[in-house]
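Taken in order, these protein sequences are the chains called X and S.
Counted from 1, the first sequence has number 175 at position 131 by our numbering; the numbering is strictly sequential.
Counted from 1, the second sequence has number 63 at position 19 by our numbering; the numbering is strictly sequential.
Just so you know, even glycine gets a beta-carbon here, dropped at the ideal spot from N, CA and C.
Protein chains: 2
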Amino acid sequence: MAEPKSSRPTIVDVAEKAGVSRATASRALSNYGRINQETAKHVRAVAESIGYISNELARAMRVGKTKTLGLVVIADFTNAFFDRATKSIVDAARARGYQVLITNTDEDIAVERNAIETLIEKRVDGMIVVPSTAVVHDHLEPRRLGETPVVLIDRRLDGLRMTSVTTDDFIGTEEAMRHAISLGHKRFGFLVATAGVKGSTSERPPVLISTIEERVNGFMNAAVEAGIKPRAQSWVYCQDDPTISEAAVAKMLDQPKAPTIIMASNNDMALAVLKVAGNRQLTLGRDLSLITVDDSQWLAAMSPGITVVARPVELVGQIAVEKLIAEIEHPGQPTEKIVLPTELIARGSVANLVLRPELDPEYKE
Amino acid sequence: MAEPKSSRPTIVDVAEKAGVSRATASRALSNYGRINQETAKHVRAVAESIGYISNELARAMRVGKTKTLGLVVIADFTNAFFDRATKSIVDAARARGYQVLITNTDEDIAVERNAIETLIEKRVDGMIVVPSTAVVHDHLEPRRLGETPVVLIDRRLDGLRMTSVTTDDFIGTEEAMRHAISLGHKRFGFLVATAGVKGSTSERPPVLISTIEERVNGFMNAAVEAGIKPRAQSWVYCQDDPTISEAAVAKMLDQPKAPTIIMASNNDMALAVLKVAGNRQLTLGRDLSLITVDDSQWLAAMSPGITVVARPVELVGQIAVEKLIAEIEHPGQPTEKIVLPTELIARGSVANLVLRPELDPEYKE
DNA sequence: AAGGTTTGCGAGAGCGTTCTCGCAAGTCTC
DNA sequence: GAGACTTGCGAGAACGCTCTCGCAAACCTT
Chain X
45 MAEPKSSRPT IVDVAEKAGV SRATASRALS NYGRINQETA KHVRAVAESI GYISNELARA
105 MRVGKTKTLG LVVIADFTNA FFDRATKSIV DAARARGYQV LITNTDEDIA VERNAIETLI
165 EKRVDGMIVV PSTAVVHDHL EPRRLGETPV VLIDRRLDGL RMTSVTTDDF IGTEEAMRHA
225 ISLGHKRFGF LVATAGVKGS TSERPPVLIS TIEERVNGFM NAAVEAGIKP RAQSWVYCQD
285 DPTISEAAVA KMLDQPKAPT IIMASNNDMA LAVLKVAGNR QLTLGRDLSL ITVDDSQWLA
345 AMSPGITVVA RPVELVGQIA VEKLIAEIEH PGQPTEKIVL PTELIARGSV ANLVLRPELD
405 PEYKE
Chain S
45 MAEPKSSRPT IVDVAEKAGV SRATASRALS NYGRINQETA KHVRAVAESI GYISNELARA
105 MRVGKTKTLG LVVIADFTNA FFDRATKSIV DAARARGYQV LITNTDEDIA VERNAIETLI
165 EKRVDGMIVV PSTAVVHDHL EPRRLGETPV VLIDRRLDGL RMTSVTTDDF IGTEEAMRHA
225 ISLGHKRFGF LVATAGVKGS TSERPPVLIS TIEERVNGFM NAAVEAGIKP RAQSWVYCQD
285 DPTISEAAVA KMLDQPKAPT IIMASNNDMA LAVLKVAGNR QLTLGRDLSL ITVDDSQWLA
345 AMSPGITVVA RPVELVGQIA VEKLIAEIEH PGQPTEKIVL PTELIARGSV ANLVLRPELD
405 PEYKE
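Next up, the structure:
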């Protein structure tokens, strides 16, 4: 009478059935050490026949590597950065034999702290994190992390000696501004998504995550450079909430000298512009212009297509994985702050006021 | 001289430092069994002070539960189903104390088989899978899976006794068709995304994944019901590739009696329609109508908004997690085929040919 | 033919937990 | 104040794997 044995076969089962020791079975299955190829083949056949699947937990315990990466991200895959970044990370990891454990932070620092703790508990070999704030980051300090390497993406955290992969949004948005200026735009509306702000305000919050800060500075710099002094009311820092951002856009457009173009700091803001423009029957690229950051299929497929500052999102993910795995497999890599260039993709959403000055409502013959 | 001890502190370190046994330390940290609350507090303080973080691998080995769910998905988060589904799954899992290991299949059966194997190796407590095909599924058979429970989402696999959470796309698309018919449309173009087909064809492939099959049948059924006989050339089954689908749309529109409305089986197809319409300066909801499946912020924000068959994606994810965890924690649950209702959201992309028959190019006074 | 080297394999420890069991001391019960 | 029960804790096994070490047999080498 065989015992029940309800659970999965282990390597001991394989060993017994094959008439060898655990050690030999292990050698056969993981293909290492000195072993007769005949026995190895036999053991593998037995393993296959009884449906043996190795227990990576046990192996991980022994060898100290889980072949798992943690991803700490604002898992809003509706977002044109995180969706593509996540996919590219998962793919790049798989290509190198790693799996990825996803944890969502919802941009909440407490959740993030928790997520990182959980990932360490699960003993991931390393993690890629999108820090949800630019300020508090004790949970990312070496003391907490121990040996676990971390690579930051999307946002830098300047206080930490840590590899990061970001994009040059300063130059990207500067370029976008120059483009708009060259097409004759002089009155800009800046619509900036700001975590941590409630409602909307034209006052600049004390801290912005690096990505947003660069975009703001890029806008500003190009404006100043062109001798354009953006009025306070053309800046709106606003919470990432459709109702609030749409209201902000509406207010912007109702000003006496309304902007001819709105620079959106991200696609949620761009959506608000689209919505309001739609409601008011404004045609983009004619009655109102728009530039946003992060490309997506939708932005390209609309009519007119929306002009964007495109970031090499997949590349960010791939490089992050590459650097992370490099550090995992060969500890002691130098930390790097990698900054990738963006690309301006001009489509039809920016009116050419040079050719058609009459499109500017303030235009006087 | 203390030994180096480069790696993380273990429970033995905590025990030693606290002057208790491993057992007691474990009891204190995991809060179970009989333990003096004073000692417990002391042990926890010591653990905190030396930065102890429990090793879930070891715990998992011992207790046989990893508190990890596997997600086997076509990780194209650009897709309006998978993005939201993934987020809702990650969130629902976290709320119940589970983490999610994501594996991408890219709609490739070999990769899927592999992914499932890997997840079993990592000993996930259960998995949620989007099967990438309707035919081969030996890797999902009980023999392979062992005790690991699986819940299917998005697509049913009728041959398997397995819980699934899907949406009623048959009724959903039928409803969409009735809506279009009630607005006076008589000539339809059906644009169906089909994995496995190369290029595009008007011949129906032998097998379609359940979701797509239901959509096709829903379209068909409502057409027949209304006495509309769709011509062969109004059906296009086409590979999920922008160039190919755009060509298919163009061809469709160039027919002698071109359709007044295109029913897209998913958003990739809808994108193709948008692109072609844009190129040809056709205004949606006037020169050409469109209905697609799966809502997204973009579809709502465009002008006109696109009419969609909206599926309760988040709910699908939540229920899947719920059912899966129920089976994990209380094995022996009955398998269920859960089908959730869809909702037709009418926006402006369908022209009203009853009110404005002149919008139909075939209209003769 | 004697020594050295290589090959193949098994015994056993160890990774960091949890958990059962047993024991000593304390608390109750009458 | 003796037995019964409760409380708090430690010893040790177990989860399933890998890997070092040692040993026997087989193979060279001179």
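Rounded separation between residue 349(X) and residue 368(S) - CA only: C-alpha separation (whole angstroms): 42 Å.
Backbone secondary structure at residue 327(S) - three-state DSSP: For residue 327(S), the secondary structure class from DSSP, reduced to helix, strand or coil, is coil.
Amino acids of chain S, ordered along the chain, whose beta-carbon sits closer than 9 Å to that of residue 51(X): Neighbours of residue 51(X) on chain S, chain order: 108, 190 and 191.
Amino acids of chain X, ordered along the chain, whose beta-carbon sits closer than 7 Å to that of residue 319(S): Chain X residues near residue 319(S): 345.
Where the beta strand (DSSP E) through residue 232(S) begins and ends: That run of the beta strand (DSSP E) goes 232–237.
Start-to-end residues for the beta strand (DSSP E) that takes in residue 310(S): Neither: residue 310(S) is in no beta strand (DSSP E) and is coded neither H nor E.
Proximity test, Cβ basis, 9 Å: residue 329(X) and chain S: Taking 9 Å as the CB threshold, residue 329(X) stays off the interface with chain S.
With 16 other Cβ atoms within 10 Å as the buried cut-off, status of residue 157(S): Here residue 157(S) is buried, its C-beta having at least 16 other C-beta atoms within 10 Å.
Residue 262(S): first and last residue of the uninterrupted alpha helix (DSSP H) it sits in: Counting along the chain, the alpha helix (DSSP H) containing residue 262(S) begins and ends at 254–269.
Per-residue DSSP class, three states only, for residue 162(X): Assignment of residue 162(X) by DSSP, reduced to helix, strand and coil, places it in the helix class.
Under 7 Å from the C-beta of residue 105(X): neighbouring residues of chain S: For residue 105(X), the chain S residues whose Cβ falls inside 7 Å of its Cβ are 101, 102 and 105, in order along the chain.
Residue 395(S) beta carbon less than 9 Å from that of residue 333(S): Their beta carbons are under 9 Å apart, which means residue 333(S) touches residue 395(S) by this criterion.
Members of the segment 335–364 of chain X near chain S, C-beta cut-off 7 Å: The residues in question are 341, 342, 345, 346 and 347.
Residue 315(S), buried or exposed, once every other Cβ within 10 Å from all chains shown has been counted against 16: Buried.
N-terminal and C-terminal residue of the beta strand (DSSP E) that residue 170(X) is part of: The continuous beta strand (DSSP E) containing residue 170(X) extends over residues 170–173.
Collapsed DSSP secondary structure at residue 381(S) in the structure displayed: For residue 381(S), the three-state secondary structure derived from DSSP is strand.
Residue 340(S) (DSSP reduced to helix, strand or coil): Residue 340(S) falls in the coil class under three-state DSSP.
Within chain S, the residues that residue 135(X) reaches when beta carbons sit closer than 9 Å: Simply 119, 148 and 150.
Proximity below 9 Å, CB of residue 236(S) to CB of residue 340(S): Residue 340(S) sits away from residue 236(S), with the two beta carbons spaced by 9 Å or more.
Bridge-paired residues (DSSP) for residue 335(S): According to DSSP, residue 335(S) bridges with 307(S) and 351(S).
Interfacial residues, the segment 227–255 of chain X to chain S, with Cβ spacing under 7 Å: So the list is empty, because no residue satisfies the distance condition.
Sub-9 Å separation of residue 229(S) and residue 304(S) beta-carbons: Residue 304(S) sits close to residue 229(S), with the two beta carbons spaced by under 9 Å.
Residue-level contact to chain X via CB, residue 71(S), 9 Å cutoff: Interface flag for residue 71(S) against chain X is unset, since no Cβ pair is found closer than 9 Å.
Closest by C-alpha distance to residue 227(X), when choosing among 55(X), 351(X), 72(X) and 373(X): Per the C-alpha coordinates, the member of 55(X), 351(X), 72(X) and 373(X) positioned closest to residue 227(X) is 351(X).
DSSP-derived helix/strand/coil call for residue 47(X): The pLDDT assigned to residue 47(X) is 42, lower than 50, so where the model puts this residue is not dependable, and the model offers no usable value.
The beta strand (DSSP E) enclosing residue 68(S), as first and last residue numbers: Following the DSSP letters along the chain, one finds residue 68(S) in no beta strand (DSSP E) but inside the alpha helix (DSSP H) bounded by residues 66–74.
Boundaries of the alpha helix (DSSP H) in which residue 369(S) is found, first to last residue: Where residue 369(S) is concerned, the enclosing alpha helix (DSSP H) starts and stops at 357–373.
Beta carbon proximity, residue 144(S) to chain X, threshold 9 Å: With 9 Å as the cut-off, residue 144(S) counts as an interface residue toward chain X.
Short CB-CB distance (under 9 Å) between residue 322(X) and chain S: Output row for residue 322(X): interface = yes.
Boundaries (first-last residue) of the beta strand (DSSP E) holding residue 293(X): In the DSSP assignment, residue 293(X) falls outside any beta strand (DSSP E) and lies within the alpha helix (DSSP H) extending over 286–297.
Other residues of its chain near residue 329(X): CB distance less than 6 Å, five sequence neighbours each side excluded: So the list reads 348, 392, 393 and 395, once near-sequence residues are dropped.
Minimum C-alpha distance to residue 6(S) - residue among 359(X), 323(X) and 92(X): The first residue shown for chain S is 45 and the last is 409, placing residue 6(S) beyond what the model contains.
Beta-carbon spacing of residue 114(X), residue 184(X) below 9 Å: When the beta-carbon positions are compared, residue 114(X) and residue 184(X) stay at least 9 Å from each other.
Under 9 Å from the C-beta of residue 161(X): neighbouring residues of chain S: At a C-beta separation below 9 Å, residue 161(X) has these neighbours in chain S: 97.
Inter-stretch contact at 8 Å, needing at least 3 Cβ pairs: the segment 371–378 of chain S / the segment 375–382 of chain X: These segments do not touch.
Per-residue DSSP class, three states only, for residue 81(X): Assignment of residue 81(X) by DSSP, reduced to helix, strand and coil, places it in the helix class.
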